[in-house]
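The structure appears below as structure tokens.
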Amino acid sequence: MSPYIGRFAPSPTGLLHLGSLFTALASFLEARSRQGRWLIRIDDLDTPRNVCGANEAILSTLDVFGLHWDGSVTYQSQHQQAYQQALQQLQDQHLLYRCTCSRKNLSDLDQSNPVSESIYPNICRDKNHPQTGEYALRLRTEPYLITFNDGVQGVVSENLASQHGDFILQRKDRIIAYQLAVVVDDYLQGVNHTVRGADLLDATIKQIYLHQCLNLAMPHYLHVPVITGAQGAKLSKREFAPAVNQQNSHLILFKLLVLLQQNPPSDLKHTSVAMQLDWAIQHWNPNALNLVRSIDITNP
Ligand code: GLU
Ligand code: ZN
């Protein structure tokens, strides 16, 4: 068996909030409890959303919370060549096509779901649009079931074409889509265990399909619950969840261990971050989160 390699892959779109730190901690504990390596990759491809200084702030927060990573931090923006190679490989298999649809066209077509996360109706599949002009690259999907066994969420099984549809790998603005970048990078970095938030369960089906198309081994997946705030909304930078306060890091860490259902003994609360992490690595039990998709922080 190859040694465990895990990672945390934040997007530099803001500071770490309690929800992202919760995911980072789970990923760290899973890796360390299995004597694994734990890497940091900054998912900085979506340049319009990147926030200046967020990289440094994220890394310093991880550091304050004792979540020390192995090796040097990598940046997706430095891997463009690998993404282009993967696109070429898919192109050679005739799995890609040019799509000129706009978000607006698509949502006009589908009034029931104006947010356009709906299934693409394959308008451009056989149009063979010319290579001149603006287009996105979409991946053809087939109507078959993709099934995987998640470390926390159990068996997930979804139909690729009817529940996901043909999806974008390179946007019209030429930015490589997250789905492709994450698959290529996890492979290049030897990541064999992916621990992240359950909001990405849906993306996992698409990523597994990409692993298959590119003939890459698929990592083990473990999707931890997302932390929700008022009205069940996921804490997210878009919703301006407050950045974690670095002042009382040991108290926040203790709170996170409680949220992770690890039942830390109360006398651990006033000890150092390092001592709490030692305890947590030794006692880490992800099964305590089994089948939990979200945790409401406003409901203690
Ligand atoms: N960068 C993604 C995010 O911040 C996570 C990617 C992943 O863990 O696969 O939501
Ligand atoms: Zn189209």
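Taking the working numbering, the leading residue of the sequence shown gets 1102, the next gets one more, and so forth. From the three backbone atoms N, C-alpha and C, an ideal C-beta is built for every residue, glycine too. Treat the numbers as computed from the prediction; the structure is a model and nothing was measured.
Expected contact under 8 Å - CB spacing of residue i and residue j to nearest Å
i: Y1322; j: F1268; result: At roughly 18 Å, the Cβ-Cβ gap does not stay under 8 Å, so Y1322 and F1268 are not in contact.
i: D1171; j: R1138; result: 5 Å
i: L1196; j: R1241; result: 5 Å
i: R1239; j: Y1198; result: 6 Å
Spatial distance of residue i from residue j (CA atoms)
i: R1108; j: S1203; result: 34 Å
i: I1396; j: I1328; result: 5 Å
i: L1289; j: G1298; result: 22 Å
i: V1216; j: I1247; result: Here the model assigns V1216 a pLDDT of 44, short of 50, so the residue's position is not dependable and the matter cannot be decided.
i: Q1377; j: L1130; result: 11 Å
i: L1163; j: D1209; result: 43 Å
i: V1292; j: N1346; result: 30 Å
i: L1336; j: G1120; result: 6 Å
i: I1276; j: P1244; result: 27 Å
Residue span of the beta strand (DSSP E) that contains residue i, given as start and end
i: Q1271; result: F1268 to Q1271
i: E1259; result: G1255 to N1260
i: V1431; result: Residue 1431 is absent from the structure shown; the chain starts at 1102 and stops at 1401.
i: R1138; result: R1138 to I1143
i: A1237; result: A1237 to L1240
When the options are compared against residue i, the one with the closest alpha-carbon
i: N1391; options: V1256, I1277 and Q1136; result: V1256
i: K1205; options: M1376, L1119 and Y1221; result: Y1221
i: Q1177; options: L1191, Y1105 and A1278; result: A1278
i: I1159; options: H1230, L1311 and L1116; result: L1116
i: D1368; options: L1197, L1352, A1187 and S1112; result: L1352
i: M1105; options: F1123, H1294 and R1272; result: The displayed chain sequence assigns Tyr, not Met, to residue 1105. Of the listed residues, the one whose Cα sits closest to Y1105 is H1294.
i: P1320; options: L1357, A1334 and G1252; result: G1252
i: Q1484; options: N1316, E1243, R1394 and H1324; result: The question about residue 1484 has no answer here: the residues shown for the chain are numbered 1102 through 1401.
Limits of the alpha helix (DSSP H) - the one that residue i falls within
i: H1312; result: L1302 to C1314
i: F1355; result: S1350 to L1360
i: R1204; result: R1204 to L1210
Can you pull every residue whose C-beta falls closer than 6 Å to some heavy atom of the ligand GLU, listed in chain order? A1110, P1111, S1112, D1144, V1283, R1297 and L1301
Going along the chain, which residues put their C-beta within less than 6 Å of some heavy atom in the ligand ZN? C1200, T1201, C1202, I1224 and C1225
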